[in-house]
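Below: the structure, in structure tokens.
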Amino acid sequence: MPQTPHVEHHFTASHVVRDIVIGMSDGLTVPFALAAGLSGAVESSGIILTAGLAEVAAGSVAMGLGGYLAARGDAEHFHAERLREEREIREVPEREAEEVAHVLKQYGLMEEESAPVVAALRARPNDWVDFMMRFELGLEAPDPRRAQKSAATIAGAYIAGGMIPLAPYVSVSSAGEGLLYSVMSTALALAVFGIVKGKFTGTRPLRGALQTLLVGGLAASVAFVIARAIS
170 MPQTPHVEHH FTASHVVRDI VIGMSDGLTV PFALAAGLSG AVESSGIILT
220 AGLAEVAAGS VAMGLGGYLA ARGDAEHFHA ERLREEREIR EVPEREAEEV
270 AHVLKQYGLM EEESAPVVAA LRARPNDWVD FMMRFELGLE APDPRRAQKS
320 AATIAGAYIA GGMIPLAPYV SVSSAGEGLL YSVMSTALAL AVFGIVKGKF
370 TGTRPLRGAL QTLLVGGLAA SVAFVIARAI S
């Protein structure tokens, strides 16, 4: 009987999603909290908009740089560990072979079953190093352009998120009115973002929406109360 080909679909853009989540979540909450705080201290929406845009510009650069440095750190760590594994395979091959057997034992292979695998890897040093990096250390070879992509993704997501709470202040002159529309637009964006994030991360959509709403609302409330108290 003809059978339908089995096609597996796996999500492989976890790094990109993580960067978008980092940038978007901070972009929604930090400028929103700043705008809410300033709304409790000043009356002009123009001042809030100017300060908010300055924060979005500075925040996107800082967040993008943080993502770049983090990705570069991961790449440097991977290459340092790979050099160490290559050196150990040359200098202490017997101990490394025992480590391969130990890894295979964790997957249920008996000594007589793992022996041919160990022998095959010892005959192919590059594959041996790859095996140790993946199964002993749990490290994957990083994308050579990962740092640049991470910086651009986080910065872009931060800008996109930050413009949502600031957009209402463009069309109104009163800070109070701008805050009202900013709360509504940001709350909606946070809820939608939480749902979408939940679909990618496996979190229940309702739970993801409530989490992002809680974090964003708490940050804005604290900023507003402090600004109102100081003013």
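If you're matching positions, the sequence shown starts at 170 in my numbering and goes up one per residue. We put the CB at the ideal spot given by N, CA and C, even for glycine.
Integer Cβ distance of residue i from residue j, believed to fall under 8 Å
i             : j              : result
valine 298    : arginine 251   : 6 Å
leucine 382   : alanine 356    : 6 Å
glutamate 254 : methionine 302 : 6 Å
glutamate 268 : glutamate 309  : About 19 Å separates the two Cβ atoms, so there is no contact after all.
alanine 244   : arginine 315   : 7 Å
Neighbourhood of residue i by C-beta distance below 7 Å, restricted to the same chain and skipping five residues each side
i              : result
serine 214     : Tyr338, Val341, Ser342, Ser343, Ala344, Gly347
isoleucine 258 : Glu265, Pro294, Trp297, Val298
leucine 218    : Leu335, Tyr338, Val339
isoleucine 395 : Gly206
Status (buried if at least 16 other CB within 10 Å, exposed otherwise) for residue i
i              : result
aspartate 312  : exposed
lysine 366     : buried
glycine 377    : buried
valine 287     : buried
tyrosine 327   : buried
glutamate 203  : Note that residue 203 corresponds to leucine in the displayed sequence, not to glutamate. Counting Cβ neighbours within 10 Å, leucine 203 comes out buried, since at least 16 surround it.
methionine 353 : exposed
serine 194     : buried
tyrosine 237   : buried
serine 183     : exposed
serine 390     : exposed
glycine 192    : buried
For residue i: DSSP bridge partner residues
i          : result
serine 343 : Ser213
Neighbourhood of residue i by C-beta, 8 Å cutoff - its chain only, sequence neighbours within 5 removed
i            : result
arginine 291 : Pro262, Ala266, Trp297
lysine 274   : Glu280, Ser283
leucine 234  : Ala320
Contact set for residue i: own chain, Cβ-Cβ below 6 Å, skip 5 residues either direction
i           : result
alanine 388 : Thr198, Ala202
Meets three-Cβ-pair contact criterion under 8 Å: the region 198-208 and the region 222-241: Short answer: they touch.
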